[in-house]
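At position 108 of the first sequence the residue is numbered 248 (this note's numbering), and the sequence of numbers has no breaks.
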Amino acid sequence: MYPVFIHPWSISETEAFNLQQELAKKVITEDQFADIHYVAGVDVAYCSQSDQLIAAVVILHAETLEVVESVVTQDTVQFPYIPGLFSFRELPSIVKAFNLIKTPPQLVVCDGQGIAHPRRFGLASHLGILFDIPTIGCGKTKLIGEFEEPFIQRGNSSSLTDNEEVIGSVLRTQDNIKPIYVSVGHRISLSTACEWILKLSPTYRLPETTRQADQLVRITLLKLQEK
DNA sequence: GCGACAG
DNA sequence: ATCTTGTCGC
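As structure tokens, then:
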């Protein structure tokens, strides 16, 4: 599976900033997809010993949540972690992993924000534009925005806003457990994104896509550190 | 100036 | 994100 749009990754902070402003114009915040058979989960871990990023992409069956394919890649870090420019650090590794995938997904759940971002172009939106595929941003903590605490029962949510603009949802995926921050990545509406996240999180705080990718990345990280 | 700041 | 020690809540 290959990107439909590419741009250089070895760029300055300013260039990355400007590129985000340009690409943000291409983001679609409405449902624009056909049947979803396979859903992808993505996660990245950092190995300080080798200064490498480990990226995992896991493909799940959309109904059974069974893992049908998974790949892992390793890469040296090329871009520092800067809040707001997160995708320029992690996406090169993720793209590399997607290149190896044989079962193209119809939806990707990302570990990071979508348009809940200062320039409305977080990691999930960036990935969505590169592959022109529906993506959902799903963060454990927020980058920007204000919100009220949603009710403690699973399924409740409240709006994440930035200057009156709704940029995402604070969604409770389990009773009494901290909510997660869901935002539109690309080619999906916020309400549909929340429905999918609930469907993908039957028993855990984070969606199964993220959990499976995270598990794979951790195993790989451990093997790497043994050597 | 101070705090906030996806992973 | 990783690393790390102590501390808090169930």
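Yeah, the Cβ is synthetic: ideal placement off N, Cα and C, and Gly gets one too. Please read all numbers here as calculations on a predicted model, not as lab measurements.
Alpha carbon of residue i to alpha carbon of residue j, nearest angstrom
i	j	result
D175	R351	23 Å
A196	T275	16 Å
E230	T343	28 Å
P143	D272	8 Å
A164	S299	21 Å
Q293	Q314	7 Å
G262	V207	26 Å
R345	V217	29 Å
A180	N303	32 Å
K166	E155	18 Å
F219	F157	13 Å
L340	V235	23 Å
S297	Y221	29 Å
H201	E153	38 Å
Bridge partner(s) assigned by DSSP for residue i
i	result
I199	A180, E209
H326	T275
G308	L300
L247	V179
G268	Answer by DSSP bridge pairing: none, since G268 is not bridged.
G252	C278
D215	L193
Anticipated Cβ contact below 8 Å, residue i with residue j, distance rounded
i	j	result
C278	V249	6 Å
Q253	H177	At roughly 26 Å, the Cβ-Cβ gap does not stay under 8 Å, so Q253 and H177 are not in contact.
V310	A185	The pair is not a contact, with the Cβ atoms about 25 Å apart (cut-off 8 Å).
Q192	D215	6 Å
Q161	R259	6 Å
Classification of residue i by the beta-carbon crowding that lies within 10 angstroms, buried from 16 upward
i	result
S227	buried
I359	exposed
F145	exposed
K213	Correcting the residue type first, residue 213 is Thr in the shown sequence and not Lys. Answer is buried; the Cβ neighbour count reaches 16.
D251	buried
T349	buried
I194	buried
Pick from the options that is closest to residue i, judged by C-alpha positions
i	options	result
F173	G268, D302, K282	G268
E209	H266, R260, I241	I241
I199	E366, I255, D354, K318	D354
E414	H266, E155, Y321	Outside the displayed range of the chain (141 to 367) lies residue 414, so it cannot be described from this structure.
G370	L205, T169, P232, V182	Residue 370 is absent from the model: the chain starts at 141 and stops at 367.
A264	G285, G325, L225, I284	G325
M141	T204, S150, L205, L270	L270
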